[in-house]
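Chemist: Numbering (my numbering), first residue to last: 93 to 201.
Built from N, CA and C at the ideal position, the CB exists for glycine as well.
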């Protein structure tokens, strides 16, 4: 029954996916070290645009980074509007102070 509800109810499916991703983001993964090393080596500063940020998975890479203070603005292009609240909460929980704008579009648009 659960799979039938997911199949026929787009809004419920989107909400379920957001909750699943947010819970998955709570625990460190082996990919985190790799992802964060790339962002640190790239010296991410200035105006940032990220396509498909989900629940803010990359924010953990900026938490103790000196480059986080050099981010002027962060634009999150995410088609699932239910990620917006989770993204802002993750940013706040990590103590990140840069401005964040959520754009609810698909990257292809």
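According to the Cβ coordinates, are residue 193 and residue 174 closer than 9 Å?
Modeler: Cβ atoms of residue 193 and residue 174: not closer than 9 Å.
Chemist: In angstroms, rounded to a whole number, what distance separates the CA positions of residue 163 and residue 190?
Modeler: Computed Cα separation, rounded: 6 Å.
Chemist: Using three-state DSSP, classify residue 152 as helix, strand or coil.
Modeler: Reduced to three states, the DSSP call for residue 152 is helix.
Chemist: Starting from residue 140 and walking both ways along the beta strand (DSSP E), at which residues does that stretch end?
Modeler: Run containing residue 140: 138 to 143, per the beta strand (DSSP E) assignment.
Chemist: Could you pull the start and end residues of the beta strand (DSSP E) that residue 192 belongs to?
Modeler: That run of the beta strand (DSSP E) goes 192 to 195.
Chemist: Along the beta strand (DSSP E) that carries residue 115, what are the first and last residues, could you check?
Modeler: Premise fails: residue 115 lies in the alpha helix (DSSP H), 102 to 116, not in any beta strand (DSSP E).
Chemist: Would you please state the rounded distance, in angstroms, between the beta carbons of residue 148 and residue 176? I believe it to be under 8 Å.
Modeler: The pair is not a contact, with the Cβ atoms about 10 Å apart (cut-off 8 Å).
Chemist: Assuming contact is defined by CB atoms lying nearer than 9 Å, are residue 178 and residue 154 in contact in what I supplied?
Modeler: No.
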